[in-house]
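Protein sequence lines correspond, in order, to chains B and A. Per this note's numbering, the first sequence starts with residue 17, numbered consecutively. Per this note's numbering, the second sequence starts with residue 17, numbered consecutively. Have a look at the structure below, then the notes.
Number of protein chains: 2
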Amino acid sequence: MNFPSKLIEDAVSEISRLPGIGKKTALRLTLHLLRQPETFSQTLTEAISKLRTEIQYCKKCHNISDQDVCSICLGARRDRSTICVVEDIPDVLAIENTSQYNGLYHVLGGVISPIQGIGPEELKIASLLSRIDSQKSDDPVQEVILALSATMEGDTTSFFITRKLKEKGIKVSTIARGIPIGGELEYTDEVTLGRSILTRVNYNLE
Amino acid sequence: MNFPSKLIEDAVSEISRLPGIGKKTALRLTLHLLRQPETFSQTLTEAISKLRTEIQYCKKCHNISDQDVCSICLGARRDRSTICVVEDIPDVLAIENTSQYNGLYHVLGGVISPIQGIGPEELKIASLLSRIDSQKSDDPVQEVILALSATMEGDTTSFFITRKLKEKGIKVSTIARGIPIGGELEYTDEVTLGRSILTRVNYNLE
């Protein structure tokens, strides 16, 4: 594509480096920015620069944070005896939005994937173990919930962490796999359906 | 959605103001920016700020330009006797990329649309007429090609401009409507097909 201006060309090439945005979309966004008042791009660029320069990660759970330790780890009403291990930051957001969990988190920053060259050392697994040790005296961790993807990599990571935690005598659980609420039986894949039968739970009339 | 950090919240809300980008995509882009080296967001924000502060519009054809007058209007090898009228800047890019047109352009900045409150005064129609007048002595414009969308608004605008130009005795043409190259007859909508029969052209064996 030939651009009438170097400025357009630069903006398009920078914007199209973002994931899921191609040259055509980048051009559409660029022209949109030009049509908006100048404050629009100003607030946008300020938000992006600030994001990158001022962001911090919680030194306990590795979640995004405005301070040294995040608001979840500092939360007075959180249950410190339970840690939910997740792959990445969006997972924390997703679980928080369910309002069904009141414990702490631990963000691994990925899962073990030999193909991509990600071993246990690249993840925050050692940090999880030392965190559990340091909490031992005042707030002992009783349960670790593994909330990783139901993929081979996720399962490998779960297995690896479980083995480490069993040595410490900590209860390890994993989130339930099964048919989604509202999902129809006949359209569920057989692996999920099979697993949901094997891991059936008692039906309680409450 | 609850965000763990004000910085994330600001970035997501700013990015999601862009067209076609919702909250979820904005969050994905924000987290991507965080994962990249700092130079990534730096070059991105610089390109966007520069774009908005340094961009200029050609005072002749209203296309985007790095200078006062754009490279097409200044082009020594362009045919000054033909002006192609388009709706917006992407249309200039699209026609330029065909390499089939060697004349000048005129960017209207939209089409007449009473529903959206866009009348002929909001568009660069007066500027087109005065441009033709000022070129009269040295480079008289002989033909104006209307390359507007084949919509009701586009047709209204074409009609309005044609009436103004006919007063000046300038030849007005419009780009051909018909079946796209490679398009199959049976899948073409009847309006296009009907129009392509009415506006059939002589078949030349060259």
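Glycine residues also receive a C-beta, built at the ideal position from the N, C-alpha and C atoms. Just so you know, these numbers come straight off a predicted model, no measurement behind them.
Could you tell me if residue i is buried or exposed, where buried requires 16 or more neighbouring beta carbons within 10 angstroms of its beta carbon?
{"i": "Arg-68 of chain B", "result": "buried"}
{"i": "Ile-88 of chain B", "result": "buried"}
{"i": "Lys-182 of chain B", "result": "exposed"}
{"i": "Asp-26 of chain B", "result": "buried"}
{"i": "Glu-30 of chain A", "result": "buried"}
{"i": "Thr-55 of chain A", "result": "exposed"}
{"i": "Ile-141 of chain B", "result": "buried"}
{"i": "Ser-150 of chain A", "result": "exposed"}
{"i": "Pro-130 of chain B", "result": "exposed"}
{"i": "Leu-43 of chain B", "result": "buried"}
{"i": "Gly-119 of chain A", "result": "buried"}
{"i": "Leu-201 of chain A", "result": "exposed"}
Does the beta-carbon distance from residue i to residue j come in below 9 Å?
{"i": "Val-188 of chain A", "j": "Thr-178 of chain A", "result": "yes"}
{"i": "Gly-36 of chain A", "j": "Thr-41 of chain B", "result": "yes"}
{"i": "Ile-111 of chain A", "j": "Ile-148 of chain A", "result": "no"}
{"i": "Gln-72 of chain A", "j": "Gln-58 of chain A", "result": "no"}
{"i": "Ile-99 of chain A", "j": "Val-28 of chain A", "result": "no"}
{"i": "Leu-139 of chain A", "j": "Thr-190 of chain A", "result": "no"}
{"i": "Leu-60 of chain B", "j": "Leu-34 of chain A", "result": "yes"}
{"i": "Arg-94 of chain A", "j": "Val-157 of chain A", "result": "no"}
{"i": "Asn-113 of chain B", "j": "Asn-113 of chain A", "result": "no"}
{"i": "Val-108 of chain A", "j": "Glu-169 of chain A", "result": "no"}
{"i": "Leu-209 of chain A", "j": "Ile-197 of chain A", "result": "no"}
{"i": "Ser-11 of chain B", "j": "Lys-22 of chain B", "result": "The structure shown has nothing for residue 11 of chain B, since chain B only spans 17 to 222."}
{"i": "Pro-20 of chain A", "j": "Cys-86 of chain B", "result": "yes"}
Among the candidates the options, whose CA atom is the shortest distance from the CA of residue i?
{"i": "Val-207 of chain A", "options": "A:Arg-94, A:Lys-180, A:Ala-166", "result": "A:Ala-166"}
{"i": "Ala-63 of chain B", "options": "A:Leu-201, A:Ile-24, A:Glu-202, A:Ile-134", "result": "A:Ile-24"}
{"i": "Ala-163 of chain B", "options": "B:Lys-66, B:Phe-175, B:Lys-180", "result": "B:Phe-175"}
{"i": "Ala-192 of chain A", "options": "A:Lys-180, A:Leu-214, A:Glu-202", "result": "A:Leu-214"}
{"i": "Lys-184 of chain A", "options": "A:Leu-201, A:Glu-200, A:Ser-146, A:Ser-212", "result": "A:Ser-146"}
{"i": "Thr-46 of chain B", "options": "A:Leu-201, A:Ser-153, A:Lys-66", "result": "A:Lys-66"}
{"i": "Ala-70 of chain B", "options": "A:Leu-49, A:Gln-116, A:Tyr-117", "result": "It is worth fixing the name first, because residue 70 of chain B is Glu in this sequence and not Ala. Selected option, being the one with the closest Cα: A:Leu-49."}
Legend entry - Residue ranges of each beta strand (DSSP E) within the stretch 18-98 of chain B, 3 or longer: Correct list: empty.
Legend entry - Three CB pairs or more closer than 8 Å across the stretch 210-221 of chain B and the stretch 69-81 of chain B: No: fewer than three Cβ pairs fall under 8 Å.
Inset, instruction - Entirely within the stretch 139-202 of chain A and at least 3 residues each: give me those beta strand (DSSP E) ranges in chain order. - result: Runs of beta strand (DSSP E) with 3 or more residues, each lying fully within the stretch 139-202 of chain A, are found at 159-162, 187-190, listed in chain order.
Legend entry - the stretch 100-107 of chain B in contact with the stretch 115-126 of chain B per 3-pair CB rule at 8 Å: Taking 8 Å as the limit for Cβ pairs, the verdict is that the stretch 115-126 of chain B does touch the stretch 100-107 of chain B.
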